[in-house]
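Here the protein sequences come in this chain order: B and S.
Here the first sequence stands for residues -5 to 438, where the numbers follow the numbering used here.
Here the second sequence stands for residues -5 to 438, where the numbers follow the numbering used here.
There are 2 protein chains.
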Amino acid sequence: MEIEEVKELLENKKFNELKNKLSEMKCADISTILDELDKESVIKVFRILSKEKAGMTFSYMESDMREKLIQDLTDAELKNVMDELFMDDTVDLIEEMPSNIVPKILKVISKEDRKTINELLKYPEDSAGSIMTTEFIDLKETMTVEQALQRIRKIGLDSETIYTCYVLSENRILQGIINIKDILLSKKEKIIKDLMETNIISVTTEEDKEEVAKKFDKYDFYALPVVDKENRLVGIITIDDAINVMQDEVTEDFEKMAAIQPNEDGYFETSVFKHAKNRIVWLLVLMLSSAFTGSIITQYEEAFAAVPLLVAFIPMIMGTGGNCGSQSSTLIIRGLATDEIEMKDILKVLWKEIRVSILVGIALAIVNGIRIMIQYQNIQLAIVLGITLIATVTVSKILGCLLPMTAKKLKLDPAIMAAPLITTLVDVCSILLYFQVATSIMGL
Amino acid sequence: MEIEEVKELLENKKFNELKNKLSEMKCADISTILDELDKESVIKVFRILSKEKAGMTFSYMESDMREKLIQDLTDAELKNVMDELFMDDTVDLIEEMPSNIVPKILKVISKEDRKTINELLKYPEDSAGSIMTTEFIDLKETMTVEQALQRIRKIGLDSETIYTCYVLSENRILQGIINIKDILLSKKEKIIKDLMETNIISVTTEEDKEEVAKKFDKYDFYALPVVDKENRLVGIITIDDAINVMQDEVTEDFEKMAAIQPNEDGYFETSVFKHAKNRIVWLLVLMLSSAFTGSIITQYEEAFAAVPLLVAFIPMIMGTGGNCGSQSSTLIIRGLATDEIEMKDILKVLWKEIRVSILVGIALAIVNGIRIMIQYQNIQLAIVLGITLIATVTVSKILGCLLPMTAKKLKLDPAIMAAPLITTLVDVCSILLYFQVATSIMGL
């Protein structure tokens, strides 16, 4: 169903038809429609949804619309929504909402849950603890398969996943994991201890959520246990949350690589002023650094006064250098992000980039040489530009490979060493190379 | 266990100790070690692994090492490995291996499986069909929960996931899906038809795998059914494969945005020659296009002959324009990739970018003006550069927003409209603006 149809049904008060159509839709799709409706329509549509669907739809909605909705819902309605949310989504909600809304949310949450929420809110923003949920299936190692199944049937409805179950000791130390497949495919009288996997990959509450996401990618898990310092199981992270982390990290890398300060909110949710602020810092730094390139040019005033044509090739030299540097740095940054390239590979990468540079540089020099000969019949100029191109390509590819790896070594994010910064550095080098080569060969 | 320890144990022929240590490791970690070992050691370690572990480890290994291993394994050993692989991994393997290795693989696969593999190999490279597996749990709608559980126990071991089960009619039309949680939490005598979800999101075999991955992200699925034109279920795609597609798409976007032709293989697996080839096409195009910028400069020879200082600011104007354009295009390209920005938002985005441009442009003009006044005490120059900066920032941000969206409209990948291309276009505009403003204000 499209948004226009929803509006029409609302206008004509065909609530029953709307209800039927909504019941056939996925919550993710309903939320997309709600995010686009006006405030009064949202509450009307939301009230038509079944309790289960309302909760799920709410969890997919954007934060500004959620805020409006919470203001309009009665306490009883809000309680129904909160009951359907898993603990990690509840915590996210509370973190997102302005402080005048939070008390209304907390009021409808049980005392026990409020305690858990307070614990979860204490974890640092980028930690595993901040994205985990506390609703999982815990088993004991002395249980039989039949007893385990009984326990799953009892608490399964409130668990975020039943795919992986966690075997805990009396004091909640994580002793093993077992997935539902192994339970279902085993005989009823078998003991969990004999079936469970004891070689467990777990993370601590403090671990960086980016590292957590990488573990999902590497080991193909559906869920990952989170333990405290005493190895007590305190929560789990499910794969859908890990995917969100991966996507956020990629967006952050893209932003950093385009000289933008990373921003948690989406494009439309960010104000014009905030957008300007996020972009201006790096622009200022880069603008002022380009004064170096300018001052190098000033030193060669006599050269381009003698051969004004030299100035016409500044954009080509600078552009090619920037592009070559950004090609290398992008490949290296992405390789480091996916762990394909590691610090120990630095010489291997450098050697590869140098060989690529020479091939690329020679090809560009030849094509450009042909163009110069056709356009200006000036072999001296063709040689000057050829040598400059090969040198610029090599220097920029070496910088494009060394700078991100140096950043990694210094425990900085390699993504800041991307196109904009490298371009500015390469500009200095290439202009210097260009005029140096030109003045020596042309005898200026 | 680290690779050094494995080498030492191998050298001292402590195979039993090695076997014990390996049995405690995850297959993904064993594969990392195997990928680094020499050929003779790999086969030795691989033969120590249990049948199940050998299959899983094999599926994580890199393709050049897998090729070497297949050459060395006996037919019986290879059969054991192939038995452990799911159909989608088998198809991937056959597609990756050189043609002289493929017959050895096919020889150990049963006739029936060979037929399925041939069917799967026919799907286009980027289609849902090419990444799906045919091993899933099929139920009938007349089954009771107890009968369904029996069926799961019978065929579960060979299914890639038992989390979602598929309810099919006699002629294998997909009628519903039901997940294991709903089966386990329902009474034994309930009928599947009354429990299953009939409002199903499925994809066809021809659907683009990138769109498939987006569905996983949007709906938080663990698996997605793939149907043919008659709505018959032919396979499923699991979330781990969807994550791989997402990661590959991101890498492809990064490559396109850095003016590199996308490449399926990893950084180290790609030869120097191939790397050069992938990078050179765009470099040539961009290098030759920069001739336009050069020819504009040539037209203003008289202006910079009169005021040589004008040349010194070419890098700053070009650099700032390129950076502003790349900021906007990166945000738009990423927004389009995550579906946060849609075509219908074009005016909203444009309006936002224009307002951001004015803020950013004014800020840069002021800072630069102060610098010029301190360094050169030349108010005319400060005004020329100020106007040029504001105009350049605005033009480049408008281009950075319109070009990716136009590409999307023309069904091209927006990622090609990133920094390198935009920078080259912005260069032309900014240089033209710069000299136009300079000549009018300075009366050159």
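Every residue gets a Cβ at the ideal spot worked out from N, C-alpha and C, and that includes glycine.
Is the Cβ-Cβ distance between residue i and residue j less than 8 Å?
i, j, result
"S/VAL228", "B/LEU277", "no"
"S/VAL85", "S/ILE111", "yes"
"S/LYS209", "S/VAL197", "yes"
"S/ARG226", "S/ARG166", "yes"
"S/ILE149", "S/ILE174", "no"
"B/VAL36", "B/LEU63", "yes"
"S/ASP82", "S/ILE131", "no"
"B/MET251", "S/MET312", "no"
"S/LYS15", "S/MET(-5)", "yes"
"B/GLU140", "B/VAL161", "no"
"B/ASN193", "S/GLU164", "no"
"S/GLU205", "S/GLU243", "no"
"S/PHE248", "B/ARG328", "yes"
"S/ASP66", "S/LYS101", "no"
"B/LEU404", "B/ALA297", "no"
"B/ILE348", "B/PRO398", "no"
"S/LEU341", "S/ASN362", "no"
"B/ALA253", "B/SER323", "no"
Short of 7 Å in beta carbon distance, which residues of its chain neighbour residue i, apart from the five on each side in sequence? Order them along the chain.
i, result
"B/GLU11", "LEU3"
"S/ILE377", "ILE435"
Return the first residue and the last residue of the beta strand (DSSP E) that residue i is part of.
i, result
"S/LEU218", "217 to 221"
"S/GLN374", "Not the beta strand (DSSP E): S/GLN374 falls in the alpha helix (DSSP H), residues 373 to 403."
"B/LEU168", "168 to 173"
"S/VAL161", "158 to 162"
With DSSP as the reference, label residue i as helix, strand or coil.
i, result
"S/THR128", "coil"
"S/THR314", "helix"
"B/ILE185", "strand"
"S/GLU295", "helix"
"S/THR26", "helix"
"S/LEU133", "strand"
"B/SER284", "helix"
"S/SER121", "strand"
"S/TYR428", "helix"
"B/ILE64", "helix"
"B/ILE177", "helix"
"B/THR324", "helix"
"B/ASN94", "coil"
"S/PHE262", "coil"
"B/LEU12", "helix"
"B/ASP165", "The question names Asp, but residue 165 of chain B is Asn in the sequence shown. B/ASN165: coil per DSSP, three-state reduction."
Leaving aside the five residues before and after residue i along the sequence, list all residues of the same chain whose C-beta is less than 6 Å from its C-beta, in chain order.
i, result
"B/ILE290", "ILE425 and LEU426"
"B/GLY319", "SER390, LEU393, GLY394, ILE416 and VAL420"
"B/GLU358", "The residue asked about is misnamed: residue 358 of chain B is Leu in this sequence, not Glu. These residues qualify, in order along the chain: LEU383."
"S/ALA22", "TYR54"
"S/LYS13", "ILE42"
"S/ILE27", "ILE(-3) and VAL0"
"S/TYR428", "ILE311 and THR382"
"S/GLY315", "THR386, SER390, VAL420 and SER424"
From the DSSP output, read off the bridge partner residues of residue i.
i, result
"B/LEU358", "Bridge partners of B/LEU358: none, in fact."
"S/VAL197", "S/VAL220"
"S/VAL439", "Since the first residue of chain S shown is -5 and the last is 438, residue 439 of chain S is not available in this structure."
"S/GLU191", "S/ILE171"
Can you give me the start and stop residues for the alpha helix (DSSP H) that residue i sits inside?
i, result
"S/VAL228", "Here S/VAL228 belongs to no alpha helix (DSSP H); instead the beta strand (DSSP E) covers 227 to 232."
"B/TYR54", "45 to 54"
"B/TYR213", "203 to 213"
"B/GLN141", "139 to 149"
"S/SER35", "33 to 42"
"B/LEU115", "105 to 115"
"B/GLU89", "81 to 90"
"B/MET76", "69 to 78"
So, at 8 Å on beta carbons, what are the nonlocal neighbours of residue i in its own chain, with the 5 sequence-adjacent residues on each side left out?
i, result
"B/THR138", "LYS182, GLU183, LYS184, ILE185 and ILE186"
"S/SER284", "THR418 and ASP421"
"B/SER121", "THR199, GLU200, GLU201, ASP202 and LYS203"
Relative to the ligand FMN, is the shortest distance from any of its heavy atoms to the C-beta of residue i smaller than 7 Å?
i, result
"S/ASP333", "What this structure holds is no ligand at all, so the ligand FMN is not there to describe."
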